[in-house]
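Residue numbers (my numbering), protein chains in the order written: chain V, 1 to 887; chain Y, 1001 to 1118. Positions of the beta carbon are idealized from the N, C-alpha and C atoms, including for glycine.
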Amino acid sequence: MDKYKLFIDGEFVDARDGRTFVSIDPGNELPIATVAQAGKVDAEAAIQAARRAFEKGDWSGLSPAGRAEKIYNFADEIIKRGLRLALTECMDAGQIIDFCKTTPGLQAAQMRNLAYFAADKFPWQEEIPVSGNPFCPGRDYLRREPIGVCVGIIPWNFPMVMAFWKITQAIIMGNTVVLKPASATPLSALIIAEAAKAAGIPKGVINVIPGPGGELGKVLCTHPDVDKISFTGSTEVGREIMKMASDTVKKVTLELGGKSANIILDDADMNLAVEGSVLGTFFHQGQICESGTRILVQSKIYDEFISKFKKRTEALRVGYQLLTSSHIGPLVSAAQLATVDQYVKIGKKEGAEILTGGKRVEVEGIKGGFYYAPTVFVNVNNKMRIAQEEIFGPVVCVIKFDSDEEAVAIANDSIYGLGGSVFSGNNDRAERMARNVRTGTMWINAYHAFGDFCPFGGYKQSGIGKELGQAGLEEYTNTKRVHVAAWADPESNLYMNILSDRNRVDSFQYYIPTKVIAGHGMLASICKEVVDLGCKRAMIMTDPGVVKAGLSKLAQNGLASLYVGVFDQIAQDTDIETVDAAVDLALSLKADCIVSVGGGSVIDTAKAVCVVLKNGGRANDHITGWNRLKEPQTPHIVIPTTSGTGSEVTSAAVIKHKGADRKLFILDPHIMPNVAILDPRFTMTLPPSLTATTAMDAMTHAVEAMCTITPNEISNGMALRAIRLIKENLPLAVADGRNEKARLNLQVAATMAGWAFTIASVGLAHAMAHTIGSQHNVPHGAACGLILPKVMRFNVDTCTDNLVQIAQALGVNIFNMDKRQAALAAADAIEELMKSVGHPMTLREFNIPEESLESLSLHAAGDSCTLFNARQVNDPSEILALYKQIY
Amino acid sequence: MIKLAAKAGQAIRAFLAEKGVQRPVVRIHLQSRGCCDSSLGLIVDDIHESDLLQEIDGLTFVISPAIHQLVGEVTISYTDEIGREGFVLTSEKPVSEWDGFSVSTIRRLESNSTENDY
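1. Within 10 Å of its beta-carbon, does V:Arg317 have 16 or more other beta-carbons around it, so buried, or fewer, so exposed?
2. Out of V:Pro181, V:Phe7, V:Val812 and V:Ser552, which has the shortest C-alpha to C-alpha gap to V:Pro202?
3. Just checking my contact of Y:Ala1008 with Y:Ser1104 at CB under 8 angstroms: how many whole Å lie between their CB atoms?
4. How is V:Cys535 classed by DSSP in three states: helix, strand or coil?
5. If we cut at 7 angstroms on Cβ distances, does Y:Asp1046 have a partner in chain V?
6. When you compare only the Cα positions, how much space is there between V:Tyr887 and V:His766?
7. Does the distance from the C-beta atom of V:Gln95 to that of V:Asp452 stay below 7 angstroms?
8. When you compare the CB of V:Gln342 with every CB in chain Y, is at least one pair closer than 7 angstroms?
9. Could you pull the start and end residues of the beta strand (DSSP E) that V:Ser230 belongs to?
10. Are the region 1027 to 1041 of chain Y and the region 231 to 241 of chain V touching, with three or more C-beta to C-beta distances below 8 angstroms?
11. What does Y:His1029 touch in chain V if you count any residue whose Cβ is under 8 angstroms from its own?
12. With a cut-off of 7 angstroms, does the C-beta of Y:Phe1101 fall near any C-beta of chain V?
13. Under 7 angstroms between the Cβ atoms of V:Ala518 and V:Leu678?
14. As a quick exercise: from Y:Ser1038, Y:Leu1059 and Y:Ser1050, pick the residue whose alpha carbon is nearest that of Y:Val1044.
15. Below 7 angstroms between beta carbons: does that hold for V:Gly888 and V:Thr253?
16. Is there a C-beta anywhere in chain V that falls below 7 angstroms from the one on Y:Asn1112?
17. Would a check of beta-carbon distances place Y:Arg1013 closer than 7 angstroms to chain V?
18. Can a CB atom of chain V be found closer than 7 angstroms to the CB of Y:Leu1070?
19. Under the rule that 16 or more other beta-carbon atoms within 10 Å means buried, what is V:Arg294, buried or exposed?
20. Just the chain V side, please: which residues come within less than 9 angstroms of Y:Ile1067 by C-beta, in chain order?
21. Exposed or buried, V:Arg144, counting other C-beta atoms within 10 Å across all chains shown (16 or more means buried)?
22. At a cut-off of 6 angstroms, would you count V:Gln107 as near the ligand ATP, judging by its Cβ distance to the nearest heavy atom?
23. Hey, would you say V:Gly257 sits closer than 7 angstroms to V:Tyr416, going by beta carbons?
24. In or out: V:Leu106 buried (at least 16 other Cβ within 10 Å) or exposed?
25. Relative to chain Y, which residues along the region 14 to 46 of chain V have a C-beta separation below 9 angstroms, given in chain order?
26. Please tell me whether V:Ala335 has its Cβ less than 7 angstroms away from any Cβ of chain Y.
27. Within the 7 angstroms Cβ cut-off, does Y:Val1095 reach chain V?
28. Quick check: the Cα distance between V:Met637 and V:Leu746, rounded to an integer number of angstroms?
29. Between which residues of its own chain and Y:Ser1113 is the CB-CB distance below 8 angstroms, once the five residues before and five after are set aside?
30. With DSSP as the reference, label V:His636 as helix, strand or coil.
31. Taking the continuous beta strand (DSSP E) assigned at V:Ile8, which residues delimit it?
32. In the DSSP assignment, find the alpha helix (DSSP H) that holds V:Ala891 and state where it starts and stops.
33. Which parts of the region 658 to 688 of chain V are runs of the beta strand (DSSP E), unbroken and 3 residues or longer, counting only runs that do not cross its ends?
34. In chain Y, which residues lie less than 9 angstroms from V:Phe392 when you measure between Cβ atoms?
35. Please determine if the region 203 to 216 of chain V and the region 1090 to 1107 of chain Y are in contact, where contact requires at least 3 C-beta pairs separated by less than 8 angstroms.
36. Among V:Ala809, V:Ala108, V:His701 and V:Asp266, which one has its Cα closest to the Cα of V:Arg724?
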C-alpha cells in the first residue's frame, strides 16, 4: 500500500507525533494508502514555513511574469503525473474515471491560463485619474499586492480540482499557501506537492498537511501569521471559520452549501432539459455544492418532463468508479450514505413521493461500497426539509410551478444562492429570469459549465467572495492606494491650515486655456474657430432677451452653414431641467459644438450641456462634480452679451438645484470654454440697469479674488486692472450705451476678473449672492453689488493691504489715511460708483421678506464659497447682520 | 449510548423551557448543513417505534439504530464562550473530520416547513 507524508517547507516528512491514518476506496471500502496525519505542531510548522518563504521574497518578490514561468514548469510536472493523479483521485474520492481522467490536463491548462493572465492583464497597478477631492491635488494610484500566507481548506468531493484552485490562485498572486485537504481524500493534493517540488517551486511556498479539521481548524484559522483563509465546505463549518478568523481580522473567502434551482420553462427543448437536469443533479453522485437539486418544472410540460426524466434517470448505471461503464460511483463515506438515506426517509415522512430510487444499491462483483440509487422526489413543497436542506447526494426534488414569477420566487426561497439554471428556447426570457434569481452563477441551457476566467461564488449563506477569473485572483491580493501630493507647501494645504491660524494660501495654479478674441467685429472669427475645433454643427444657446435684441440672429448669420439650431429658453438663473432640455435638443440636432450667446446663466447652462453631451447621463449625474472630468468636453465657444460673469473663461458653472434649494456647481478646468469672442456689438443693447448690475458682478469677482485666502500676484494684477477698467468705463457705458470702446473695456474687465477669481476663488459676498439668487431670484450681478461693500468692511482686518490697493485702483486718494481707513475707503468708493450708475442699494427693492433673512443666513453659511473668505465665517448670525445692513 | 457533559443537561432544559416545548424528547440525528460533511445535531421530535431511547436527568433522548451503529456513543457538551454559545456533539466514531468543531442549537420543526433555528 502506498505511503504518503506531509509536505512542509519543501520536504515530505512524517507527522511530528508519528500518527498516520488510512485512506479508503469508497467503491469497495478497501484501504488504498496510509497517510501521515498532521497535528497542531505540524500545522504550526507549515504556517511558519509559509511565512518564512513569503518574507524571504524568493516567490513573492518575483514579478508576475517570473512566477508565470515557474508555474508553466509546475503545469508540465502535473501533466507528467496525469494518469497517476486521475487513477488516484478516482479511487480516493469515488469519482468516475470518465471524469477524473480529464482533470489533470484541464487543471494544468488552468494554471497556465491564470498565470498568464496575472502576468499580462491583471491590473497590479492602476492610476486613478481623478481622485474626487479637489483639496488634495496629487497623483493617486492603486497597487495590488500579495496578501501573505494563505490557508486553503478543501472538501472531499473534488479534492484534486479544489487543491489546484486553492494552491494555484494563491501562488500565482505571489502568496504562499498551507493546504489542508479533506481527511477522506488527501492523496491528490500530495501528488500535486510532488509536482511542485519537481518544478522547483521554492521551499515553503506550498505546504500540504492532511489531518482532522476539528483538530487543525482552530490553529489554521486563528494563527496570527495566517493572512487569508479560503474555505470550501459546509456552511456550518464555514460559519465557525469566519468567527475564528474575525479575532485577527483575516480575509476570508467561503464557498459553502447550495440548494440550487434548475428551472425548466415550457418552451425548453425537452431533451436538452432532461439531459441537463440529469447532469445538474446526478453528476458525481450529486455531491456538488452547486448541483441543481431542485428542479422547477412549468406545469404545462410537467407530465412530459417527469416521464422522460424518470426514464433517463433509471438508465444511469451505478457501479465501481474505475469502470468506464459506470455513470454513478459511490458516495464518499458511510456517514454520507447514512445522511442521504436519512433525508430520503424524511422526504417520505413529509409526504413527498418517490418517483424512482430511494434505496442503497449493491453493485455486482463488489463487496461493500457506499452506493445509492439516483432518487427523484415529486409532489414536493418547497417548504419541505428535502427542498430546503442540502442533502449532498443523488437526490432531487421536482416542484411544479405555473408562472415565471412563481418560479423565481421558489428559486429564491432558500437560504442558499450558489448556482442555478434556466432551460428555455427563448434566451431573452431565460436571461430575464436569470437576472431575478439571487444566486452567484446562473447557467442557461447548461449546467456545471465552469471556466478559468469565470468567477464562481455564492450569495447569501452560500458564501463570500469568488474563485477563478479576475475577481477570484483579486481575492488573493490586498489593495493599497498611494497618493503623491502635488503641492509641497504646507501653508497651501487646506487641511493642514485647519489646524493652524493661517488664513492665506500662497501657492497657486495658473491654467487659463481659453482663447480670447477681442475687438470690434470679432464675430467674424467664429467660423474659423468652429472649424479649428474640428466641428461642423454648431448649436446656439441663448435666452429670449438676447433673441429679442437680434443678437442670436447676428451670431447665427456669423456661423452661416455651420449653424444647425438654437435653444433659447434659458432663464435668468439656469437649472438642471434646462440643461437636460438643451441636451435633448443638441442630441436631436447632432450638434458637435455649442455656441453660447448671452450672460452668465446662458454660458453656465452651455458648460453643463457640454459635460452631459460628452459624458452621457443627465445633468444631475454631473452637478457638484469637482475636478472629476478627465478630458476636454464638447467644444464650446462663448459670445458674452453682458460684461459681468466672466464665465467665458472660468472653470465653474453655477446651476440652480431645486432639490438642494441652492445653487450647485460643476467645477472643473475641462469646462473652461475653448474660445471667448468679445465683440462689443453684443453688449451695446444692454440697458443701463443691466450694464450696471453685470459690471458689479465683475467688480465683485475682482475684489473678492483679492480678499480670499488664496490671492496671488497674477490674480491680483488682473483683478486690479479689472477694477480700474470698470471704475473708468462703467459710468461711460451707462451714460451712452453705444460707446463701443467703453463696452469693450468692460468686456475685457469682466474677462480679467473672471481669470482672477478662477485662480484665487471668491468668498462670502458670492455665498450670500448665490443664496438670495436661488431663494428669491435676485439677479446675480445685482445681488453681488448690494453685498460687496458690506463684505469688504467685514474683511477689512484680514485683507487690509489688498483693500488698500483696491482703493487706489478705484481712484481713492489715500494720502493721510492709515491702512485701515484706506481699506474702508475702498468699500465707500464702491458704493459711490453704484449710486452713480443707478445700481439698486437695498434688498427691499427686490421684495424679499425681512423674516426670510435668518434662513438665508443659514443657507449662505453652507455655501462652499465661505471656505475661501479671508475672514473665517463660522457663525450664521454674522451673515444675518450683513443681510440686515443691506435690507 | 448518550453522555451529557457538565452544563449540557441544564442548557437543554433551559432551551426547551424558553421555547415552550411541552414534551421534551430530543433526537440525535444526522444533519446536512450545506455542502460536504454532515454532522450530528439535536432536534425536538417524537419517539419513533424503532428508536433507541435513553432518559438522563429527566430528559428523553432518542436515536435511530442505524445512526447509533454508525457513530457509537454520543457526547453532548455545551459551550458558553463569547461568540461560540451552543451545543457541541462528538461521537465515538466521528461522523466527519470536523467532529466537535462547530456549535449548534436544538432545532424545532413545524410540519412541512423549515425550522427556525437553522
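Put simply:
1. Exposed, since its Cβ has fewer than 16 Cβ neighbours within 10 Å.
2. With distances taken between Cα atoms, V:Pro202 lies closest to V:Phe7.
3. Incorrect: roughly 13 angstroms between the Cβ atoms, too far for contact.
4. coil
5. Interface with chain V (7 angstroms Cβ-Cβ cutoff): Y:Asp1046 is excluded.
6. 17 angstroms
7. Their beta carbons are not under 7 angstroms apart, which means V:Gln95 does not touch V:Asp452 by this criterion.
8. yes
9. Annotation: the continuous beta strand (DSSP E) that includes V:Ser230 extends over Lys228 to Thr232.
10. Judged by Cβ distances under 8 angstroms, the region 1027 to 1041 of chain Y makes contact with the region 231 to 241 of chain V, as three or more pairs qualify.
11. Gln342
12. yes
13. yes
14. Y:Leu1059
15. Residue 888 of chain V lies beyond the stretch modelled for chain V, which goes from 1 to 887, so this question has no answer here.
16. Note that Y:Asn1112 scores 38 on pLDDT, short of 50, meaning its location in the model is unreliable and no value can be drawn from it.
17. no
18. So yes, Y:Leu1070 belongs to the interface.
19. buried
20. Going along chain V in sequence order, the residues near Y:Ile1067 (Cβ under 9 angstroms) are Ala338 and Gln342.
21. buried
22. Ligands in the displayed structure: none, and consequently the ligand ATP is not present.
23. yes
24. exposed
25. none
26. V:Ala335 counts as touching chain Y.
27. Flagged as an interface residue toward chain V: Y:Val1095, by a C-beta distance shorter than 7 angstroms.
28. Reading the sequence as shown, one finds Ile at residue 637 of chain V and not Met. Those two C-alpha atoms are separated by around 19 angstroms.
29. Only weak support exists for where Y:Ser1113 lies, its pLDDT of 40 falling under 50; the value from the coordinates is given anyway. Nothing listed; no residue qualifies.
30. Three-state result, V:His636: strand.
31. Secondary structure note for V:Ile8: its beta strand (DSSP E) is the uninterrupted segment Leu6 to Ile8.
32. Since the first residue of chain V shown is 1 and the last is 887, residue 891 of chain V is not available in this structure.
33. Positions of the beta strand (DSSP E) runs, each at least 3 residues long and wholly inside the region 658 to 688 of chain V, are given as 662 to 667 and 675 to 678 in order along the chain.
34. Listed along the chain, the chain Y residues whose CB falls inside 9 angstroms of the CB of V:Phe392 are Ser1032, Gly1034, Cys1035, Cys1036, Asp1037 and Ser1038.
35. The region 203 to 216 of chain V vs the region 1090 to 1107 of chain Y: in contact.
36. V:Ala809
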